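Per the numbering used here, the very first residue in the sequence shown carries number 690; after that it's consecutive. Glycine is no exception: its CB is placed at the ideal position from the N, C-alpha and C atoms. This one's a predicted model, so the numbers in the text were calculated from it and none came from an experiment. To keep things clear, I will list the structure first and then write my remarks on it.
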Amino acid sequence: MKPDNDGAGTGREGLSTGLSNFWMPFTDNRGFKAEPRLLASAEGMYYRTPEGRQVLDGTAGLWCVNAGHGRREIVEAIGRQAATLDFGPTFQLGHPQAFELAEALAALMPAGLDRIFFTNSGSESADTALKMALAYHRANGESGRTRLIGRERGYHGTNMGGTSVGGIGGNRRSFGAQVWGVDHLAATLRPEAAFTRGQPDSNEDMAGELERLVALHGPETIAAVIVEPVACSTGVLVPPRGYLERLREITARHGILLIFDEVITAFGRLGAPTAAEYFGIAPDILTMAKGLTNAAVPMGAVAARRFVYDRIVDAAPPGIEFFHGYTYSGHPLAAAAGLATLSVYRQDELFARAAGLSSYWQQAVHRLQGARHVVDIRNLGLIAGIELAPRPDAPGKRAFEIFHRCFDDGLLIRVTGDIIALSPPLIVSEAQIDEIVDRIGVMLKVVD
Ligand SMILES: Cc1ncc(COP(=O)(O)O)c(C=O)c1O
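Right under this line is the structure:
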């Protein structure tokens, strides 16, 4: 195909092709292709554009490159594995790396969550977790438990199950057809908690709403409740103190499985291996992806409590017990990347590092309180959401302009609606934290 142009001075440097064929995900394709912004390489805390500009990574890519870019140990492990066993099926066969990684992950999970199923993404992890819950209840003789409960403003990826339990209007409305029998809890954000540092206190029993849904539908119809411990993708919604504890208590009382979607929060984002450990609450099923391989090879995983696994396996007649899986479940390259990543996290003590930095992070991001347009700032661990007032007739446009201008100025942020979401790699320095906040501060002054 003929290149759209030679690229000089247009943001297309380094491209020898046109832009039309790649139907880009979650992208304003028309806007991007008119004014592309490309990445060429990455190392440590920085991306580099094809023109050679450095871009400080304030978002760990897409909440996933927790150990920083281009980690030699991970790159080499992938290369070695590719040269040794490029692919090996895990249907009725196996290879050592998948078992080793499962054992290493089980050791990182809260006690009891030690049965690990591999997927290739967060979306697949969410749908796998939901199917596990359905299969568990069937195996348990409660096949009426088919209802799934999610939460408004929750994000569980883009497969059918995850889209259905997710609570993002745009994602759901575009498709119409959804998994039947889903209901949603309300989102936990309250205007009176604006500018809370860490978890807000609340006198309201927000999780008590689950009791209402249980009374409405009947506990015997409900298979699982799925929530992100901290809802990140829709703008960093930190649950009030006591909320997750109450969800755990209500689900346990009614025999409903509790699923924590930790695709973002696992692997140190809150300064602990998992949010479950950070909050001291053990779900029945926990989903992961992103930081599992430092995003170097796609991989997701689902950790299930042993009783979930045992029930499904024991109830099945001899043969395959759980009719689910992916060609690439436990792919050798991903498993090698995962093992190397866990070893980097361990050697560099990155989870403890994130915990140690979290109060500096909190102080820094809250310096933007009082800045133009800012109506709320929320944070936990090494995550922050900076919510801006929308332009009266153009919601999302203000933050999107800031996103573009920050990138052109050498800083990668993420925006969702009019919320700036930040999640730097856990190797970020204090000086880089200041730089992220200062650069955003400048943009808030110049962007109307
Ligand atoms: C909590 C959560 N679940 C699931 C997903 C989907 O992950 P993926 O894009 O790898 O399918 C995401 C992605 O951001 C997420 O944040």
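I'd like to know whether the C-beta atoms of G989 and A978 end up nearer to each other than 8 Å. yes
Thinking just about the alpha-carbon of each residue, which of I1122, R1080, P1079 and K1086 is nearest to the one in L1100? I1122
Would the C-beta of I1108 count as close to ligand 1, meaning under 7 Å from any of its heavy atoms? no
Test item: CB-CB of R726 and F1096 under 8 Å: yes
Are the beta-carbon atoms belonging to R1139 and D1107 less than 8 Å from one another? No answer is possible for residue 1139: it lies beyond the span of the chain, which begins at 690 and ends at 1137.
So which of D1127, L1057, T1016 and I1001 has the shortest CA-CA distance to E831? For E831, the nearest C-alpha among the options comes from I1001.
If we count the other Cβ atoms within 10 Å of its Cβ and call it buried at 16 or more, is W869 buried or exposed? exposed
Threshold first: 4 residues or longer. Then list the alpha helix (DSSP H) segments lying entirely within the stretch 909-983, N to C. Counting only runs of 4 or more, we get 932-942 and 964-968.
Please determine if the stretch 751-758 and the stretch 1112-1120 are in contact, where contact requires at least 3 C-beta pairs separated by less than 8 Å. As far as the Cβ criterion goes, the stretch 751-758 touches the stretch 1112-1120, which means the pair count is three or higher.
Skipping 5 residues on each side, what residues in its chain have a beta carbon closer than 7 Å to that of P908? Only H943, G944 and I945 meet the Cβ criterion.
Taking 7 Å as the cut-off, does the CB of H845 come closer than this to any heavy atom belonging to ligand 1? H845 Cβ: within cutoff of ligand 1.
Compute the beta-carbon to beta-carbon distance between L936 and V916, rounded to the nearest angstrom, for a pair I have assumed lies under 8 Å. Between L936 and V916 the beta-carbon gap is near 7 Å, inside 8 Å, which marks them as a contact.
Assigned secondary structure, F806 (DSSP; H/G/I helix, E/B strand, else coil): It is a strand residue.
What does a CB cutoff of less than 6 Å around V925 pick up in its chain, not counting 5 residues either side in sequence? R1067, I1072, G1074 and A1110
May I ask you to list the residues that DSSP assigns as paired with I1091? Paired residue(s): none; I1091 is not in a bridge.
Of the residues Y844, E841, V854 and Q743, the one placed nearest T835, counting alpha carbons only: V854
What I want to know is whether the C-beta of A978 ends up closer than 7 Å to one or more non-hydrogen atoms of ligand 1. The answer is yes for A978.
Could you give the DSSP three-state label for Y825: helix, strand or coil? helix
Would you mind listing the beta strand (DSSP E) stretches within the stretch 842-921 that are 3+ residues and don't spill past its ends, in chain order? 871-874 and 911-916
Look up N718 in the DSSP assignment and say whether it is helix, strand or coil. helix
C-beta atoms of S863 and R958 nearer than 8 Å: no
Please go through the same chain and pick out, in chain order, the residues whose beta-carbon is closer than 6 Å to the beta-carbon of A818, but skip the five residues on each side of it. I948, I974, T976 and V991
Between E917 and ligand 1, is the CB less than 7 Å from at least one heavy atom? Of the heavy atoms belonging to ligand 1, at least one sits nearer than 7 Å to the Cβ of E917.
Does the beta-carbon distance from A896 to A822 come in below 8 Å? no
What residue ranges within the stretch 1101-1135 form continuous alpha helix (DSSP H) runs of no fewer than 4 residues, ordered along the chain? Those alpha helix (DSSP H) runs which fall completely within the stretch 1101-1135 and span 4+ residues are 1119-1135.
Reducing DSSP to helix, strand and coil, say where H758 ends up. strand
Going by beta carbon distance, what residues of the same chain come within less than 6 Å of F807, once the five residues before and after it are set aside? A990, S1018 and G1019
Determine the direct distance from the alpha carbon of N892 to that of A846, and round the result to whole angstroms. It is Gly, not Ala, that sits at residue 846 in the sequence shown. Cα-Cα distance, rounded: 31 Å.
According to DSSP, which residues form a beta bridge with Q743? R737
Have a look at F996 and P799 and give me their C-alpha separation to the nearest angstrom. 14 Å
Going by the CB atoms, is the gap between G843 and G856 shorter than 8 Å? yes
With H, G and I counted as helix, E and B as strand and the rest as coil, what does DSSP make of S1047? Here S1047 sits in helix by DSSP.
Which first and last residues belong to the beta strand (DSSP E) in which E1076 is found? I1072 to L1077
Tell me which residue opens and which closes the alpha helix (DSSP H) that D999 is part of. R995 to A1004
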